[in-house]
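Quick notes on the structure that follows.
Residue numbers (the numbering used here): -13 to 125.
This is how it looks when you write it as structure tokens:
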């Protein structure tokens, strides 16, 4: 009986991945998933940090991102964007996806929300609804 070799359709579907990070422990989980895509499928990952003025320390966030990828042995590009006046973090993420042509967004369901009862945060929900590409939500 002939058994076909396994194919890696994922490597063709998700070549360019965006991972929005806000420094929360939830968003760090999304980094680990993205690093796995790099190692298994050769995807190119861009980590996006939107500076909305509320992040405790951009340097700490950047170091955490670099540390996750260093430990996993994967590479990623880190991009920071300053939040424009009269816009939102979600809008900035959606505009980045549209401008750069990503195939997949890997995002945590919750970010820095103080309410632990929330199943999904407003930024994640807005990104899911508004981007024209696949979204991998990490809970």
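Cβ coordinates follow ideal geometry from the N, Cα and C atoms, glycine included.
No experiment lies behind these values; they were computed from the predicted model shown.
Item to complete: Can you tell me which of the three DSSP states residue 103 falls into?
Response: Stepping through the chain shown from its first residue, residue 103 is reached at position 117. Three-state result, residue 103: coil.
Discussion item. Could you pull the DSSP bridge partners for residue 165 from this structure?
Written reply: This structure gives no information on residue 165, because the portion of the chain shown stretches from -13 to 125.
Practice prompt. Reducing DSSP to helix, strand and coil, say where residue 16 ends up.
Written response: For the purposes of this step, residue 16 is identified with residue 30 of the chain shown, where counting begins at 1. Here residue 16 sits in helix by DSSP.
Practice prompt. Could you spell out where the beta strand (DSSP E) holding residue 117 opens and where it closes?
Written response: By 1-based counting over the chain shown, the position of residue 117 is 131. It is not in any beta strand (DSSP E) - residue 117 carries neither H nor E in the DSSP assignment.
Worksheet item: Cα-Cα, which of 22, 72, 82 is closest to residue 57?
Response: By one-based count along the chain shown, residue 57 stands at place 71. Among 22, 72, 82, the Cα nearest to that of residue 57 belongs to 22.
Discussion item. Suppose contacts are defined by Cβ-Cβ distances below 8 angstroms. Is residue 19 in contact with residue 13 by that definition?
Written reply: As a first step, residue 19 is located in the chain shown; it is residue number 33 there, counting from the start. As a first step, residue 13 is located in the chain shown; it is residue number 27 there, counting from the start. No. Outside cutoff.
Worksheet item: Per the contact definition of three or more C-beta pairs closer than 8 angstroms, is the segment 115 to 124 in contact with the segment 46 to 62?
Response: no
Discussion item. How far does the beta strand (DSSP E) with residue 32 in it extend, from its first residue to its last?
Written reply: Against the chain shown, residue 32 aligns to sequence position 46. Unbroken beta strand (DSSP E) run through residue 32: 30 to 37.
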